[in-house]
Amino acid sequence: ETGVTQTPRHLVMGMTNKKSLKCEQHLGHNAMYWYKQSAKKPLELMFVYNFKEQTENNSVPSRFSPECPNSSHLFLHLHTLQPEDSALYLCASSPLKGQNNNEQFFGPGTRLTVL
Amino acid sequence: AQSVTQLGSHVSVSEGALVLLRCNYSSSVPPYLFWYVQYPNKGLQLLLKYTSAATLVKGINGFEAEFKKSETSFHLTKPSAHMSDAAEYFCAVRAGGKLIFGQGTELSVKP
Numbered sequence: 149e150t151g152v153t154q155t156p157r158h159l160v161m162g163m164t165n166k167k168s169l170k171c172e173q174h175l176g177h178n179a180m181y182w183y184k185q186s187a188k189k190p191l192e193l194m195f196v197y198n199f200k201e202q203t204e205n206n207s208v209p210s211r212f213s214p215e216c217p218n219s220s221h222l223f224l225h226l227h228t229l230q231p232e233d234s235a236l237y238l239c240a241s242s243p244l245k246g247q248n249n250n251e252q253f254f255g256p257g258t259r260l261t262v263l
Numbered sequence: 003a004q005s006v007t008q009l010g011s012h013v014s015v016s017e018g019a020l021v022l023l024r025c026n027y028s029s030s031v032p033p034y035l036f037w038y039v040q041y042p043n044k045g046l047q048l049l050l051k052y053t054s055a056a057t058l059v060k061g062i063n064g065f066e067a068e069f070k071k072s073e074t075s076f077h078l079t080k081p082s083a084h085m086s087d088a089a090e091y092f093c094a095v096r097a098g099g100k101l102i103f104g105q106g107t108e109l110s111v112k113p
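Right under this line is the structure:
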């Protein structure tokens, strides 16, 4: 285990549903990330949070809404998604300072299917 | 801008054979480079990283990688493949506090 947990592990939702993905890290890190992993595509960085502040949004559609209430928790709120949003959503965390500040620790991901 | 290219989206080897997964990078500054592994239905796990110390980096599960500045490469190797090595492998370079990933190489191991 990497110290990063994600729930749920699997999610099936309709295009009109609203759901949320949750990520929690127990590593004392100050940076958290959301990635999208689609089949046959490189990992796409979606959002970056440093000390609870969003520092990067890679032109992600507004139907994805992140929330970072504290340095240990990260959410991704989903609404009116499209079938092409079906993918594995990975959360990661990293320290901002110190020897391992370059390394990101990943959760197991949430497999999302949009019908 | 920093980037990585992984040559070969799929590599197949026999059990006990050498594993070689290729990664070339582009970076305007001394790079920090990583190899991650992803087993089916799992997240990414760090195999090893290069952070400007020794050019030959040893990682977990018998993997190692050599940083070659002249070739802008950071290829991943393992002398003898095991069935449990079957997974997808990602090379990444650190860029401005983020990780830029390659497209991944799927490794298959035949008995």
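Protein chains in written order, with the working numbering: chain L, 149 to 263; chain A, 3 to 113. In this text, a Cβ means the ideal position worked out from N, Cα and C, and glycines have one as well. Bear in mind the structure is a predicted one, so any value in this text is a computation, not a measurement.
>> Mapping the DSSP letters down to three states, classify A/T85 as helix, strand or coil.
In response: Before going further, note that residue 85 of chain A is Met rather than Thr in the sequence given. Helix, per DSSP.
> Does any residue of chain A bring its CB to less than 8 Å from the CB of L/Q252?
Replying inline: yes
>> Could you give the first and the last residue of the continuous beta strand (DSSP E) run that contains L/R259?
In response: 258 to 262
> Between A/I102 and L/L260, what straight-line distance do the alpha-carbon atoms span, to the nearest angstrom?
Replying inline: 23 Å
> Counting contacts by CB-CB distance shorter than 8 Å, is L/V160 in contact with chain A?
Replying inline: no
> Does the distance from the C-beta atom of A/G117 to that of A/A94 stay below 8 Å?
Replying inline: Residue 117 of chain A lies beyond the residue range present for chain A, which begins at 3 and ends at 113; the question has no answer from this structure.
> Cα separation between L/E215 and L/F223?
Replying inline: 5 Å
> Measuring CA to CA, which of L/L263, L/H158, L/V160, L/G176 is closest to L/P231?
Replying inline: L/L263
> Exposed or buried, L/V160, counting other C-beta atoms within 10 Å across all chains shown (16 or more means buried)?
Replying inline: exposed
>> So if I threshold CB-CB distances at 9 Å, which residues from the segment 88 to 104 of chain A count as touching chain L?
In response: F92, A94, R96, G99, K100, L101, I102, F103, G104
> Using the C-alpha atoms, what's the distance from A/A19 back to A/V111?
Replying inline: 9 Å
>> By the three-class DSSP mapping on this structure, what secondary structure does L/N178 have?
In response: coil
>> Within a Cβ cutoff of 8 Å, which residues of the same chain sit near A/E66, ignoring the five residues on either side of it in sequence?
In response: L50, L58, V59, K60, L78, T79, K80
> Closer than 9 Å, Cβ to any Cβ of chain L: which residues of the segment 24 to 35 of chain A, in chain order?
Replying inline: Y34
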